[in-house]
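Peer 1:
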Amino acid sequence: MDQECVSKPVSAIICVDDDDTEPLSGKPLFHVTLCKSHVSATHLPVPKKFFGLLPEKANVPVILTRGSRSWEMKYYGTHITQRRLSQGWKAFIDDNILNVGDVCLFELMSCEVSLIKFKVQVLRGDLPSVLVLDREVCNSDISILQS
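If you're matching positions, the sequence shown starts at 1 in UniProt numbering and goes up one per residue.
#1: What number of angstroms, rounded off, separates the C-alpha of Lys90 from the C-alpha of Asn99?
#2: Report the CB separation of Glu21 from Gln121 in whole angstroms; it is logged as a contact under 8 Å.
#3: Using only the alpha-carbon positions, how far apart do Thr81 and Lys48 sit?
#4: What's the C-alpha gap between Arg135 and Cys35?
#5: Identify the residues that DSSP records as bridge partners of Thr65: which are they?
#6: What's the call for Glu56, buried or exposed, on a 16-neighbour Cβ count within 10 Å?
#7: Considering only their Cβ atoms, is the gap separating Trp71 from Phe92 smaller than 7 Å?
#8: Taking the alpha-carbon of Leu105 as reference, which of Ser25, Leu29, Pro23 has the nearest alpha-carbon?
#9: If Ile116 and Tyr75 are in contact, beta carbons under 8 Å, what's the gap, nearest whole angstrom?
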């Protein structure tokens, strides 16, 4: 189902089809269940468990790819306890019409000191409002297993 997108991503494709899911490649990944703070913010915190796979003490360009579209942003990894994706996160949220309760899977496709690439898949989630208001749901370590 085609939807009109709000802003233009790096690639010229107009919209992402939510029916396009791809098998996982087996590369490292992390997931985020989106909370209100994620969908209204201009950055996304990277989970601490993923710090060791990304450049330390560096700010690196990032490309997020979903389907045939791409978004440029920046990885800020200079802080010892906080690392984040920024400068483009809000465009990614808006272009993909992401909502509270949706889950984003970030699969690390390549990681160099000059460029990081993630393939992102979105699992639409219509969580009950009682769960959405609970910060523990958004910050819990829920595992997603490959079959």
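Ideal Cβ positions, reconstructed from N, Cα and C, are used throughout, including at glycine.
Since this is a predicted model, take the numbers as computed values, not measurements.
Peer 2: According to the structure data:
#1: So the alpha carbons of these two residues sit roughly 12 Å apart.
#2: Note that residue 21 is Thr in the sequence shown here, rather than Glu. That pair is a contact at about 6 Å.
#3: For Thr81 and Lys48, the distance between alpha carbons rounds to 8 Å.
#4: Its pLDDT being 46, under 50, Arg135 is placed unreliably in this model, and the value from its coordinates should be taken loosely. If I take the Cα positions, the gap works out to 8 Å.
#5: DSSP lists Ser70, Lys119 as partners of Thr65.
#6: Exposed is the call here.
#7: Using a Cβ distance threshold of 7 Å, Phe92 and Trp71 count as a contacting pair.
#8: Nearest of Ser25, Leu29, Pro23 to Leu105, Cα basis: Leu29.
#9: In this structure, Ile116 and Tyr75 form a Cβ contact; the two beta carbons are roughly 5 Å apart against a cut-off of 8 Å.
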